[in-house]
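As structure tokens, the structure follows; a few thoughts come after it.
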Amino acid sequence: MDRVMVVGVSTFKGFHLARRLLKEGYEVIGIDDEGETKTQLARQRLYVLSHPLFHLIQTDVAHRPNMRQIATMYEPNHVILCSGSSNVYQHRKIERYEQVKQLVTNQKNRMTIQSFITFDLPVEYTRHSSLALHIVTEDVYGPWDDSTTLFSKAVLAIDQGHRMVGYYATDIVKASYIDDVVETVVRVIRLVQSGLSLVGQFRIDASDYVHVQTLLTEIGHQLHRPVHVSLPMRDHVFQETDLPTLEVMIGFRPLTPLHEGLRKTLEWYDTYQTMMKEDMST
């Protein structure tokens, strides 16, 4: 079975991708480059990832000798670069991409890496890339979500009474459940294993579209809490990207309804709400 290097394995997407790949029988090399900036939630994700086929390596991707040594030792067939929470600056995302891209370029000369997949890099920056498959996601949510995301803020607003700042009731949420995102990537890897090379920019379409106020109402209904959060109104702001989706190639499109994804998310939240609340102050 192939080896997959997940850079940013303690991030929300990195964690879920690693879990699913391990279940599929892949060997996963998890690069944790968050350092001391990791939240308690991210540390707990790494604890949960304990598995015989999982190798956790804590290093900065900027440390080229370390990364070369890791790549030489494990010879990954696939590299996935995951961004951290929304407070990660764009220039840092680009720096990480350039550092990992250099590693992939060097390893490709050794004929080991079959695919290089990135998440949510600036579209204008990767438009002419011919090395990687760049995936753009919508408002991704699910268990183990970061407390900085829209969905987690909405859950905390209803359950803990936190304010939601910077959102409008009429803003449209493009909801993508994390399992749908992971399924897309797993199918992409299988396609690459069959001999097809995938590069360029693609998006993972949302499975549901709702207004922020509707999202709050649905969370309140599932938590059996009254919805006291009242957000200001504004005209609809709906920005649609012109990037193609992957569904034709992989035979899959996100289908998880919002109420089902929220149910699974809130079941997890019910167990880990103390950690989420503490993460709000980190």
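Positions in the sequence shown are counted from 1; adding 1078 to them yields our numbering. Virtual Cβ for every residue (Gly too), placed ideally from N, Cα, C. Predicted model only: the values in this text are computed from it and were never measured.
Contact between residue 1339 and residue 1162 does not hold, since their C-beta atoms are separated by about 22 angstroms, which reaches or exceeds 8 angstroms. Of the residues 1224, 1202 and 1223, the one whose Cα lies closest to the Cα of residue 1214 is 1202. By a beta-carbon distance limit of 8 angstroms, residue 1347 contacts residue 1233. Their separation comes to about 6 angstroms. As DSSP reads the structure, residue 1081 sits in a beta bridge with 1105. Assigned with DSSP and collapsed to three states, residue 1282 falls in coil, not helix or strand.
Between residue 1328 and residue 1265, the alpha-carbon positions lie close to 6 angstroms from each other.
Residue 1270 and residue 1194 have their C-alpha atoms roughly 10 angstroms apart. Residue pairing of residue 1219 in beta bridges, as defined by DSSP: 1255. Between residue 1281 and residue 1227, the CB-CB gap reaches or exceeds 8 angstroms. Less than 8 angstroms separates the beta-carbon of residue 1108 from that of residue 1087.
Checking the DSSP bridge columns, you'll see residue 1110 partnered with 1136. If you look at residue 1124, you'll find it in the alpha helix (DSSP H) that goes 1118 to 1126. With a cutoff of 8 angstroms on beta-carbon distance, residue 1263 and residue 1288 are scored as not near each other. When only Cα atoms are considered, residue 1354 and residue 1260 end up about 23 angstroms apart. Between the alpha carbons of residue 1159 and residue 1239 lies a gap of roughly 35 angstroms. Boundaries around residue 1158 are those of the beta strand (DSSP E), 1156 to 1159, since no alpha helix (DSSP H) includes it.
Shown here, residue 1294 sits in a helix according to DSSP, grouped into three states. Just measuring C-alpha positions, the residue of 1090, 1211, 1237 and 1217 sitting nearest residue 1156 is 1211. The Cβ atoms of residue 1218 and residue 1256 sit closer than 8 angstroms to each other.
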